[in-house]
Structure formats: structure tokens, C-alpha cells
Amino acid sequence: MQAATPIPTDVSYLEYKGKYKGIFSWIFSTDHKRIALLYLYSMMVMFLVGVLLGLAMKLELIAPGKTIMEAKDYNAVFTVHGVIMIFMIVVPGLPAVFGNFLLPIMIGAKDVAFPKLNLLSWYIYVLGALLVIASVLFGNGTPDTGWTFYAPYSFKTGTNLLPAIFGAFVLGFSSILTGLNFIVTIHRMRAPGMTWTKMPLFPWTLYGTGWIQLLATPVVGITLVLVSLERIFGIGVFDPALGGDPILYQHLFWIYSHPAVYIMILPAMGAISEIIPTFAQKHVFGYRAIVASTLAIAFVGYFVWGHHMFTAGMSGTAQYTFSLLTFLVAIPSAIKVFNWISTMHQGSIRLETPFYWAASFIFVFMIGGLSGLVLGSLATDVYVHDTAFVVAHFHFIVFGGVGFAFFGAIHYWFPKMFGRMYDKGLANTGWIVFFIGFLALYAPMFYLGMKGMPRRYYDYLPEFHAANILSTLGSWVMAFGLVIILINLFRSAKHGPKADKNPWNGKTLEWTVPSPPPVENFAETPVYGEKDGPYEYQ
Amino acid sequence: MEKEKHHIVAFPTYLWVLVGLIILTFLSVGITSIELGELTVAGALVIASVKTLLVLTYFMHLKFDKPYIRIMVGFVFAVFLVVIIITFFDYYYR
């Protein structure tokens, strides 16, 4: 048997091609860092499609009546926008990109536990994305159910829904495999001496997320299969005409889709928990409390799904129970915010771009979280359910939370990932423009919702006009900010000045390896000593 | 990892488990032809749970694994149980 060629320890993952050349050195690579970039680029493409659809919706709403599209087109646009943004961007988002790239390095491993499975996860992701795209391009019209595929409309609509449902089902497999890979990697491959309580907080959140991915995703998979069977064979599980129960669909859908919110937000919180100590140059305040709150969010997050269904016709007992549990899950989230702010207190704060993103994350997350309490309360939910208020709330959480953390993370780890530094002036400009645009886009929706403007309508009453104009203008400002950010990052990845190994004076293991990291990350496996820890600042 | 011992299960044990699973499969089909009312579903679920336990214990080596693996699997079942209970807060009180 021929001996395997040793992998050089001084060649970066960007330069090392292995046995393949060109694009094949990427799509056949099992290196976790290359797979992370494959996810990054494919998600970026889908994200831009989702953003364009969002801009189209806002343009439609700039004036009452038809502006650029018919009502049925508007239904299709918000459905595809939702499916892309939820299933292809925010659910895989931080774990697939930053988790893949950084988890092994942060715990002192050479790769994830199952590198081939990791690559398979990306293939499955691409397959799922193609199926969703196929539902738009082929068949009898684009799906128009909304991303929730609610019964009974999901098996009554004549649009091309099956490929979209199957696409979401396939994307779920990618998520499950990634979660499994991360759980095993964290259990089995931590550096010697890195006990659980010495593990950095980002891997901790990936661990919590991995469990949710593993346990909750199959539920939505089975549910989507049942919808397909209902649609094709009329099996009567959800169809009330056949003795089925459409509320059962909502239960099953949200048993996954509410924990999915925590799949999205936990890694985002993990990234923020890395950025803040680095730019405060201070040990993270309440490490154990953050870990405990991560696990508490992951655990309690399983049991609050019913707050999406308060007006669906559930029993009163179920409503009280879900409302109580929803208020409980706010506590660990608040603990995290308290710990981040306490970490900054009396720290030596460096005002760099990642810090700006992290600080604005806390701001928008607080607004999103507190508005969630309005929706978690039975009495107030009745008034604002299915209004623009809900749209504002979840965009503050999902886009404000995950999006801001994603941009914070990319600006934080960019020098490590690409070995180059971006233009900090442009990055700061991009952040402030984006931030102002974001607030102008979504904040008016709180007002509109309180005034009674329903969501998912392409038309509205004249009294809603002014706030809708502000919201649409905000979408343009935010898109302009996004363009600045993307141009800066893409240009800097190739032409930016070379970055140091540790430009931010971070203390976690990824800052001990060269930028960009070598193929197998470490020339020698790092060993954690008795006094070592992830946030040991002087 | 090389230091860890792998438990080898005797072939007849696997065979008996397989036989047990087949019998239980026939039972879960058979139970539908007996008039038990609401208990039919409960009965089928119990049989399915026993089958799951057999697979986990023997085919997935849970019996021979470290306790923390058993705790993790137990935790998963606990989550599943609570999800079912909360769902029935809706159905029983609607």
C-alpha cells in the first residue's frame, strides 16, 4: 500500500489544493475551512436573491394599490423570500459558515469528527436549494402559502408547492448532519486539558444548537412529508374535510420551527460572546451563567412553540401554558444581555467594526426580544397577531439578531479566514448606513401593526401610507449599506493588506494559528494548562 | 480513542433480538384488527417503544456504552415526552 502524502503544516488552506485543481479542489475538499467558504458563497448568492425579493415587496408597499405586482405575485414573493431566508440563510447561517470554519480550531482539533459527512451536508444543502429554485422556475406558478406551508391551504393551492416542500425537507437533512457532526466533534475532539468549562462560548452555543438541529428538525421533515401525502393522496391527517386537524399541522410545524429560532439565534449569541470580551479586553463576565443560559434557551426553547398559535383555536389551558413558558425563556436571554453589558463595564473598549456590530446587535435584539413579550402575552397578542407588528418583531430578532451577528462575525474573523484586513473606514460606513436603514425599514412596522395593518397584504388603507413610505425608503438605505459592506469585503479578500495572526489581541485558540490557517490548523495539538482559559486577559 | 475497548455482542443475541423485533412487528399489525377503541393507538405506541428500546439497547450498543450516553438518550426521550404532554394540553382541554 502506498504511503499517503503528508499534508504540509506551513501551507494555508487557501493555497493547498490536494489532489484536485481549480473548482474541484473546493467542491471535493473535506477541509472544514473550505467547506465553510462553500457555504458562505452559496448562502451569499441565495441571500442576495432573498434581499431582492424583500426590496420588491417594500417597493410594492410604497403606495396603496398595485405598484409593481399583482396580489398573487406578492403572495409568491413573500413565500419565496421566507423560504430562502429561513431555510437557506438564517437556519444554516452561523453554524454552517463560522461553525465549520472555527469550531475545530477553537477547540484545538484538526477538523470536524466526520469530514466527509460535512461535505455531504453541503451537497445536500445545494440540492435542497436547487429544489426550491425549481419550484419557482417550473410548474403551475410559484408557491404562495408563505414559508409556513400552513394547512389546509398548502394542499389546496394549485401552485408548484411540492418541490419547495421537498426542498425544505432536504435542507433539514443538511442541518441534522451538521448538528450531529458538531456534537460529536465537541465531545470527542477537544484539545487535551480543554475541559467543558474551559471551552470558548461560541462552541458552547454550537453544541446547544447541534442538539436542537438533531432533535427538532426531523419533526418538520415528517410534517412536510405528511403535507405532501395529504396533497397527493388525500390521507386526511390535516384536512378537516377528511376528518383531519389543521391545528395539528401548526403544532407539528412549530415544534420544529420555534426551536429553529434558537438554532438561528444561539450561534449568533455565541459570536457576540466572542466579540465583546475581545474588544473590551476583559474576561467575559459570568462565563458559567452564559453557558447555563445557552443550555436553558436550547432546552426551554423546545416547549414554547404554541405562542405562534394563540389565535388558531387552541384550548385555553394550552394557551396559558405556552404563554407562561414563553415568559420563562426570556430569562436566559436577558441573562446573556446582562453578561455582555457587564463584560463591557470597565473594559478597555476598542471601537472597531466588529464591536459596532455587536453593540448594535444588543440594541436590536433587545427591541426584538421585548416586543416578543407583547406577542407572548395572551391579551395583547390577540390585537397584534398577523399584523405588521409580528413582521417587525421577527425581523428585529432574526435579521437584527442573526444578520447583525453574522456581519459582526465576518468582520471579526475575516482576517483569520482570508489572511487580509478590510478597509475599516468603509466597513464602519457600511455598518452605520445599514443600521440606520434597518431601523427605518422595520421600526415603522411596529407602528403599522399597532394601528392594525395586516401582514401579507399587497394593499393597505390610506392612513398607513406615510409609515410605509418611510419603511420603503429604509429598505433602500439598508440595501445601500449592504452594497458597501459586500464590496469592501469582496475586494479586501483579494487585495486587502495582509493581516497579522492576531490583529484584535484575542485569546481563543484561532488567534494562535497563522492567518489564514494551515490545512490541518495546528502543527502540534495545543494543550490547555491548569490556568489556561479562553478569555484570560490581563 | 484506540485505548477504548469495543464490546462484542454474541451472534445469537442479535438473532434473538431480530426475532423479537419481527414478532413485535406482526403484533403491531395484529393489534389493529382487535377492537380496543382509543387503546389501539396506545397499544401500537407501546409496541413501537419496546422495539425502539431493543434497537437502542442491542443494535446501537446502548447497553454496553458509558452512562453519559444513556443519560443523553434518556434526555431525548424526556424532551419527546414533555412535547407530547404539552401538545395534549390542547387536545384534552379544547
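Chains as they are written, first to last, in my numbering: chain A, 879 to 1416; chain B, 26 to 119. A virtual CB, placed ideally from N, CA and C, is assigned to each residue, including glycine. Computed from a predicted structure; not experimentally measured.
Among the options, which has the Cα closest to the Cα of residue i?
| i | options | result |
| --- | --- | --- |
| ILE109(B) | PHE1342(A), PHE1181(A), VAL1004(A), GLY928(A) | PHE1181(A) |
| ILE1314(A) | TRP1291(A), TRP1354(A), TYR1300(A) | TRP1354(A) |
| ALA991(A) | PHE976(A), HIS1289(A), ASN1059(A) | ASN1059(A) |
| HIS1136(A) | ALA987(A), LEU1203(A), GLY1281(A), THR1390(A) | LEU1203(A) |
| PHE1282(A) | MET1356(A), VAL1268(A), GLY943(A), GLY1036(A) | MET1356(A) |
| ALA1012(A) | LEU1364(A), ILE962(A), ALA1196(A) | ILE962(A) |
| HIS1185(A) | GLY1254(A), TYR1415(A), SER1171(A), PRO1155(A) | GLY1254(A) |
| GLY1194(A) | LEU1256(A), ILE1110(A), PRO1232(A) | LEU1256(A) |
| ASN953(A) | VAL968(A), GLU1414(A), ALA934(A) | ALA934(A) |
| PHE1285(A) | HIS959(A), TRP1309(A), LYS994(A) | TRP1309(A) |
| LEU43(B) | VAL66(B), ALA73(B), LEU70(B), TYR83(B) | TYR83(B) |
| ALA67(B) | SER53(B), LEU78(B), THR77(B), VAL80(B) | SER53(B) |
| SER1171(A) | GLU1152(A), GLY1148(A), LEU1055(A), LYS936(A) | GLY1148(A) |
| TYR1001(A) | PHE1016(A), HIS1223(A), PRO1332(A), VAL1048(A) | VAL1048(A) |
| GLY1057(A) | PRO1145(A), SER1226(A), PHE1296(A) | PRO1145(A) |
| PRO1210(A) | MET1187(A), MET1244(A), MET1222(A) | MET1244(A) |
| ILE1213(A) | MET1295(A), LYS936(A), ALA1321(A), VAL1169(A) | VAL1169(A) |
| ALA914(A) | TRP904(A), TYR1406(A), ALA974(A), TYR1335(A) | ALA974(A) |
| SER890(A) | ILE1061(A), PHE902(A), ASP909(A) | ASP909(A) |
| THR1101(A) | PHE1033(A), LEU1079(A), GLY1247(A), THR1075(A) | PHE1033(A) |
In whole angstroms, give me the CA-to-CA distance for residue i and residue j.
| i | j | result |
| --- | --- | --- |
| PRO1381(A) | PRO1293(A) | 8 Å |
| HIS1263(A) | THR1189(A) | 8 Å |
| TYR919(A) | TYR93(B) | 38 Å |
| VAL927(A) | SER58(B) | 53 Å |
| LYS1302(A) | GLY932(A) | 28 Å |
| ILE1043(A) | THR1156(A) | 42 Å |
| GLY1122(A) | VAL1105(A) | 12 Å |
| PHE956(A) | LYS1329(A) | 22 Å |
| GLY1327(A) | ASP1259(A) | 11 Å |
| GLU27(B) | SER999(A) | Only weak support is given to the placement of GLU27(B): the predicted model assigns it a pLDDT of 47, under 50, and the value that follows is read from those uncertain coordinates. Distance between the alpha carbons of GLU27(B) and SER999(A) is about 27 Å. |
| MET879(A) | ILE885(A) | Because MET879(A) carries a pLDDT of 44, less than 50, the predicted location of this residue cannot be relied on, and the following value inherits that uncertainty. Those two C-alpha atoms are separated by around 18 Å. |
| SER1201(A) | ALA1167(A) | 24 Å |
| VAL1269(A) | ILE48(B) | 52 Å |
| THR1023(A) | LEU1039(A) | 8 Å |
| PHE1274(A) | TYR1031(A) | 28 Å |
| HIS1373(A) | MET1142(A) | 32 Å |
| VAL969(A) | LEU61(B) | 43 Å |
| ALA1321(A) | ILE1154(A) | 26 Å |
Determine, using beta carbons only, whether residue i comes closer than 7 Å to chain B.
| i | result |
| --- | --- |
| PHE1188(A) | no |
| SER1249(A) | no |
| SER1053(A) | no |
| ALA1196(A) | yes |
| PHE1205(A) | no |
| SER1193(A) | yes |
| TYR1180(A) | yes |
| THR1075(A) | no |
| THR1095(A) | no |
| THR1199(A) | yes |
| MET879(A) | With a pLDDT of only 44 at MET879(A), under the threshold of 50, the placement of this residue in the model should not be trusted; the figure read from the coordinates follows. Output row for MET879(A): interface = no. |
Does the beta carbon of residue i come closer than 7 Å to any beta carbon on chain A?
| i | result |
| --- | --- |
| TYR93(B) | no |
| TYR118(B) | yes |
| GLU27(B) | At GLU27(B), the pLDDT of 47 sits below 50, so the modelled position is not reliable; the number obtained from the coordinates is stated separately. Not one chain A Cβ lies under 7 Å of GLU27(B). |
| THR65(B) | no |
Identify every residue that forms a DSSP beta bridge with residue i.
| i | result |
| --- | --- |
| LYS1376(A) | ARG1298(A) |
| SER890(A) | PRO1396(A) |
| PRO1332(A) | THR1265(A) |
Any Cβ of chain D within less than 7 Å of the Cβ of residue i?
| i | result |
| --- | --- |
| LEU1253(A) | No chain D is present in this structure, whose protein chains are A and B. |
The region 83-113 of chain B: which residues have C-beta closer than 7 Å to a C-beta of chain A, in chain order? VAL101, VAL104, VAL107, VAL108, ILE111, THR112
Note down, in chain order, all residues in the region 1120-1146 of chain A with a beta-carbon under 8 Å from any beta-carbon belonging to chain B. ILE1125, HIS1129, ILE1133
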